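All residue numbers for the sequence shown refer to UniProt numbering, where the first residue is 1 and numbers rise by one. Where a beta carbon is used, it is the ideal one built from N, C-alpha and C, also for glycine. Predicted model only: the values in this text are computed from it and were never measured. Here is the structure we will look at, set down as C-alpha cells.
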Amino acid sequence: MVKGRRAIGLMGGTFNPIHYGHLVAAEAARDAFHLDQVIFIPAGQPPHKSGLAVADPEHRYLMTFLAIVSNQHFEISRVEIDRQGPSYTSDTLAHFRALDPEVLWYFITGADAILDIVSWHYPDAIFQNAELIAASRPGYSLKKIEALKQQLGAERVARIHPLEVPALAISSSQIRERLQQGLSIKYLVPEAVEHYIAKNQVYAEFGA
Ligand code: ATP
Ligand code: MG
1 MVKGRRAIGL MGGTFNPIHY GHLVAAEAAR DAFHLDQVIF IPAGQPPHKS
51 GLAVADPEHR YLMTFLAIVS NQHFEISRVE IDRQGPSYTS DTLAHFRALD
101 PEVLWYFITG ADAILDIVSW HYPDAIFQNA ELIAASRPGY SLKKIEALKQ
151 QLGAERVARI HPLEVPALAI SSSQIRERLQ QGLSIKYLVP EAVEHYIAKN
201 QVYAEFGA
C-alpha cells in the first residue's frame with residue numbers, strides 16, 4: 001500500500017443472493033490490504049448467466065444492502081444495475097478509476113472467478129484500472145493463477161494478489177437449491193437476507 005493514498009476494494013458479484021462467503025472474503029480483503037472501504041456492486045444483467053435464473057436486480061440490490069448496512073466500511077453501488085446492457089467488470093473499473101484516479105482501486109474476486117479473467121471483456125482495461133485480489137474458496141485452487149502467466153504475462157499475474165480467507169463452502173447456487181427443496185438457509189446468509197427472501201418469495205418461481 002502506498003502511504004497516504006486511499007485504497008478501496010470493489011466486490012463485484014451477481015449476489016443471487018448475497019451470503020456469508022461474500023462478506024467474509026470482502027472483510028478479509030479489507031483487513032489484509034488496509035482498504036478504507038469495500039464497495040459491493042451487484043451485477044445488472046450478468047453476461048455469463050443470462051440463460052440462468054437470476055432474481056430481479058432490485059431484489060439483489062436490496063438483499064446486498066441489508067447484508068452490508070451494519071459494516072461501517074462497506075458500501076453498495078448501483079452502477080451496474082443502472083447501466084444498460086450486460087455488466088462488464090472492465091467498464092465498472094474504468095468508471096471507478098475515472099471517479100478518482102488517486103485512489104488505489106482493488107477488484108476482489110474468488111478463486112473461481114479470477115480464472116474467468118482471460119475471458120472477460122477487455123482484460124487490458126481491468127489491469128489498467130485496478131489491482132486484483134483473489135480470495136481462496138473451497139473447491140477452487142489459487143495455484144491455477146500461476147498457470148495464467150502464459151496467457152497474461154508475468155507482469156499482469158504479479159498484480160493478482162492471492163489471499164487466504166476463512167473457508168466457507170457456501171454458494172448462491174447451493175442456497176437457491178436449498179430454497180427450492182424447502183431446506184433452511186439459516187446461518188448461510190445474514191438473518192435480514194433470509195427474512196427478505198421469505199417475505200418476498202424471491203426464489204419461489206425458479207429452480208437453482
Ligand atoms: P453462484 O453459485 O450463483 O455462481 P456465487 O456463490 O459464486 O454464486 P457470485 O455472486 O457468483 O456468488 O460471486 C461473487 C464473487 O464472490 C465471485 O468473485 C466469487 O468467486 C466470490 N465468492 C462467492 N462465494 C465465495 C466463497 N464462499 N468464498 C470466497 N469467495 C466467494
Ligand atoms: Mg459464482
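Output the boundary residues of the beta strand (DSSP E) element that contains F40.
Q37 to P42
By Cβ distance, which residues of its chain are closer than 7 angstroms to A111, with the 5 residues on each side in sequence left out?
A134, A135, S136, R137, Y140, S141 and L142
Touching by the beta-carbon criterion (3+ pairs, under 8 angstroms), the segment 144-160 and the segment 171-184:
no
Cβ pair count under 8 angstroms reaching 3, the segment 189-205 against the segment 58-66:
yes
Residue environment, P166, which counts as buried when at least 16 other CB atoms sit within 10 Å
exposed
Report the partner residues of T109 according to the DSSP bridge assignment.
A134
Y88: buried (16+ other C-beta within 10 angstroms of its C-beta) or exposed?
buried
Helix, strand or coil, according to DSSP, for L183 in the structure here?
coil
Suppose the cutoff is 6 angstroms on Cβ atoms and the five residues either side in sequence are ignored; what does the same chain contact list for E205 look like?
none
Member of E131, A130 and D124 whose CA lies at the smallest distance from the CA of Q151
D124
Please go through the same chain and pick out, in chain order, the residues whose beta-carbon is closer than 6 angstroms to the beta-carbon of V202, but skip the five residues on each side of it.
A55 and H59
Going straight from the alpha carbon of H161 to that of P190, what length do you get?
28 angstroms
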